[in-house]
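Residue numbers are given in the numbering used here: position 254 of the sequence shown equals residue 254, and the series is strictly consecutive.
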Amino acid sequence: MSSSVSVANEGGVAILTIDNPPVNALSFHVREPLTQALIALQEEASVVAIVIACAGRTFVAGADITEFGRPVQQPDLRAIVAALEAIAKPTVAAIHGTAFGGGLELVLGCHFRVADQGAKLGLPEVKLGLLPGGGGTVRLPRLVGAVKALRMIGSGTPIGADEAHGAGLVDAVFAGDLTTHAVNFAREMARKGGPFTPVRDRDEGLRETDLAAFDAEAADLAGKARGLEAPIACAQAVRNAVTLPFDEALAAERALFVKLVASDQSRAQRHLFFAEREAAKLPGNVVKRRIARVGVIGAGTMGGGIAMAFANGGFPVTLLETSQEALQRGLATVEKNYAVSVARRSLSEDAKRQRLGQFKGSIDHADLADCDLIVEAAFEDMAVKKEIFGKLDAVARPGAILATNTSYLDIDEIAASTSRRQDVLGLHFFSPANVMKLLEIVRAEKTAPDALATVVDLARRIGKVAVVVGVCHGFVGNRMLAARGSELEALLLEGAIPNRIDKAFIDFGWPMGPFQMGDLAGLDIGWRNRKARGLTAVIADTLCEQGRFGQKSGRGFYLYENGSRTPVPDPEVEALIRDKAAEKGIAPRTISADEIIERTLYPLVNEGAKILEEGIAARASDIDVVWVNGYGFPVGKGGPMFWAGLEGGARIVERLEYWHERTGKDVFKPAPLLKRMAETGSWETGSTAGIRG
């Protein structure tokens, strides 16, 4: 028997164990011996029942997605499930850890499923732009019902063992030695005798399916899909399970899977899956520093959110403010945020109490002396931050990591205000910090490798997607955001009103347009930043001078009436734009959606190429991770650098050159690396210099 699959006989119950570290993926070298073992056990007279279990920390956590898009080596998963369903003896899946994707489809081939209390089960293929391709859309509804199956498959969100038991997906949940319980369960099923009905021949979940209710659920899913094809295909496949004979529904599922796996959207989403994992890798094997307590300076929106992120990850937090009043206000906001989660039932009252218990408030810098990591989240002002870091230098213990949450400022200059530059780096959280997944980790010139490795690991422990970047104004995300927005005022003055530009973005796949985003974030933030750098934006600056800061003031580029968050076009803003254009002698014209994309997203890609050339980002895929997780770039397009390959580098260069010639603006001057990418199709820089050091 292969080393990846072993068989033991325990009193007539065969225990078939899959051992393919780290997550027991169903690679070809697992599928082949697994199939051979099942065929042999079917005929083995001494075996009365079969248990499928897994070694290590998890059950089968999915297919080997590196095989997607390649010719499938037989046997495939569908053949294994068919072999399972042909066995007359009772078959039992013993699930611990996660049974995801192909893993759950494998257990759906068994007669019975048992799980330990901590197990999670799900079909997350939709997150890769796919649907389950091994019968999951056809078998799962037969156990849990069509609507429940659609919710699981369409969202990709796993469920726990108890919920799975209640829904009929799992037959028993055990504490303790799962394999022993599974063997006893299988022996009892064999004693009771058959026949044992495979899932394909069961219909309890499909009886009296309300198709109208199902279609309403599917319509809701489609509304949230924002142009993604996979959720729509998932809904169709589950509906087929209700309306078609089993084999026809199975064939239809396969046809949909084959179509999706070849699509640009799925290629983009699989690219992001690997990109996130690659972004968190650092060279070498550095011993990490111990992080037991975290300090956060500033209890405002960002500081409070950052403190919550660490508390949610199980870390005690010292939250520091300049006054008792500001501290109490910040702690009250934290408690309110947790209360909202309890009201939404995403957090229990006990969990809320536990997390609030992690907080210790203070107005004395000396109380940060026992912290292993201190994150400064004060006002975005260099003088303020340098003063804080000077104080930290005096009170922080040796070896403590000192981090700034700055969005733009020079971290090398901040680090220079301490005597321990090796301990200083940037942790750029995105607002709200307790929700947003992206964390830009900024490596300064003198940052020690072990400090960097420690925070990369820490990001994973608090559920963040980490990307290491270098020092420049705005780092990767905000520097590219400035390039994306550099033509927005010009587009307004030339005749494209805010909601026309925002619509072009939303039609492209963004969750909102740049003016909606500006109103949400607060127009005063950009105004302050422009003033600090001596820059101007005639429309946005005028709005801020009028006290129009966006949603928080009820007026920005849009109106927000009676506390509503829904943007309403404002005739006053349109009149202001016309007046400013007239002052500058600009005649309005009709501007197409294509032109809007060319003048905003092409410079975005171009700035990304410059960032790669300068070594501010190590890989093009790192930039994609930043933009999808932090700024809402459409998942189905894979991030700006991946999308550039779909759009065509040559086209982007040609149009940038056109706009550069027409306007003379540097933002349109194609970067040398972009030109090379247009010729070679690759973002490789040919250099190992940069942030990795």
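A virtual CB, placed ideally from N, CA and C, is assigned to each residue, including glycine.
Separation of arginine 70 from arginine 676, as counted between CA atoms: Approximately 28 angstroms between the Cα atoms of the pair.
Range covered by the alpha helix (DSSP H) that runs through alanine 49: Not the alpha helix (DSSP H): alanine 49 falls in the beta strand (DSSP E), residues 49 to 54.
Where glycine 313 sits in the DSSP three-state scheme: The answer is coil: DSSP assigns glycine 313 none of H, G, I, E or B.
Three-way DSSP call (helix, strand, coil) for glycine 690 in this model: Caution is warranted here: a pLDDT of 46 is assigned to glycine 690, below 50, making its placement in the model unreliable, and no coordinate value can be reported.
Beta-carbon separation (whole angstroms), aspartate 393 vs alanine 444, contact threshold 8 angstroms: With 8 angstroms as the limit, aspartate 393 and alanine 444 do not qualify as a contact, their Cβ atoms being about 15 angstroms apart.
Classification of leucine 256 by the beta-carbon crowding that lies within 10 angstroms, buried from 16 upward: Buried is the call here.
Three or more C-beta pairs below 8 angstroms linking the stretch 553 to 562 and the stretch 500 to 520: Yes: at least three Cβ pairs fall under 8 angstroms.
Buried versus exposed call for valine 94 [16 or more other C-beta atoms within 10 Å across all chains shown]: Going by the sequence as given, residue 94 is alanine instead of valine. The residue in question, alanine 94, is buried, as its Cβ has 16 or more Cβ neighbours within 10 Å.
Rounded separation between leucine 221 and proline 511 - CA only: Approximately 15 angstroms, taken between the alpha carbons.
Cβ neighbours of valine 30 in the same chain (closer than 7 angstroms, five flanking residues each side left out): Hits under 7 angstroms: Ser4, Val5, Ile18, Asn20.
Boundaries of the beta strand (DSSP E) in which lysine 120 is found, first to last residue: Counted as a single uninterrupted DSSP element, the beta strand (DSSP E) harbouring lysine 120 occupies residues 120 to 122.
Close beta carbons around alanine 482, own chain, < 7 angstroms, minus the five adjacent residues each side: Correct list, in chain order: Gly474.
CA-to-CA distance, glycine 145 to glutamate 217, given in whole angstroms: For glutamate 217 and glycine 145, the distance between alpha carbons rounds to 13 angstroms.
Serine 263 versus Gly649, Thr600, Leu131, Phe668, residue with shortest Cα-Cα distance: Per the C-alpha coordinates, the member of Gly649, Thr600, Leu131, Phe668 positioned closest to serine 263 is Leu131.
CB contact flag (glycine 399, aspartate 367, <9 angstroms): No. Outside cutoff.
Inter-residue Cα distance where the pair is glutamate 125 and leucine 260: Their Cα atoms are separated by approximately 11 angstroms.
Cβ contact (3+ pairs, closer than 8 angstroms) linking the stretch 265 to 274 and the stretch 185 to 194: Short answer: they don't touch.
With 16 other Cβ atoms within 10 Å as the buried cut-off, status of phenylalanine 549: The residue in question, phenylalanine 549, is buried, as its Cβ has 16 or more Cβ neighbours within 10 Å.
Coarse secondary structure for lysine 360, derived from DSSP in three states: Shown here, lysine 360 sits in a strand according to DSSP, grouped into three states.
Residue span of the alpha helix (DSSP H) that contains glutamate 32, given as start and end: DSSP places glutamate 32 inside the alpha helix (DSSP H), whose first and last residues are 28 to 43.
Test item: CB-CB of threonine 600 and arginine 484 under 9 angstroms: Cβ distance < 9 angstroms, so threonine 600 and arginine 484 count as in contact.
Through-space distance from glycine 357 to lysine 584, alpha-carbon basis: Taking the straight line joining both Cα atoms gives about 58 angstroms.
Same chain only: Cβ atoms within 8 angstroms of aspartate 450, ignoring 5 sequence neighbours per side: Cβ within range, chain order: Val286, Val287, Lys288, Arg289.
Whether valine 183 touches valine 13 by CB criterion (9 angstroms): Yes, Cβ-Cβ distance for valine 183 and valine 13 is below 9 angstroms.
Own chain, CB closer than 6 angstroms to threonine 680, minus 5 neighbours either side, in chain order: If we look at threonine 680 and ignore the five residues flanking it on each side, it has no Cβ neighbours.
Boundaries (first-last residue) of the alpha helix (DSSP H) holding asparagine 184: Under the DSSP assignment, asparagine 184 falls in the alpha helix (DSSP H) whose first and last residues are 178 to 192.
Same chain, Cβ closer than 6 angstroms to glycine 136, neighbours up to 5 away in sequence not counted: So the qualifying residues of the chain are Glu105, Leu123.
Beta bridge counterpart(s) of threonine 318 as assigned by DSSP: Beta-bridge pairing links threonine 318 to Gly295, Lys360.
The stretch 239 to 258 contacting the stretch 649 to 662, beta-carbon criterion three pairs below 8 angstroms: With the cut-off at 8 angstroms, the stretch 239 to 258 and the stretch 649 to 662 do not touch.
Per-residue burial, aspartate 381 [other beta carbons within 10 Å of its own, 16 or more giving buried]: It counts as exposed.
C-alpha distance - valine 238 paired with arginine 202, whole-angstrom precision: The alpha-carbon atoms of valine 238 and arginine 202 are separated by roughly 15 angstroms.
Of the residues Val605, Arg619, Tyr631, the one placed nearest valine 667, counting alpha carbons only: Nearest C-alpha to valine 667: Val605.
Paired residues, beta bridge with aspartate 116 - DSSP: DSSP lists Phe174 as partners of aspartate 116.
The beta strand (DSSP E) enclosing isoleucine 441, as first and last residue numbers: According to the DSSP assignment, isoleucine 441 belongs to the beta strand (DSSP E) that extends over 438 to 442.
Cα-Cα separation between valine 173 and threonine 179, rounded to whole angstroms: In this structure, the CA atom of valine 173 is about 12 angstroms from the CA atom of threonine 179.
Three-state class that DSSP yields for glycine 399 in the structure shown: Three-state DSSP puts glycine 399 in coil, outside helix and strand.
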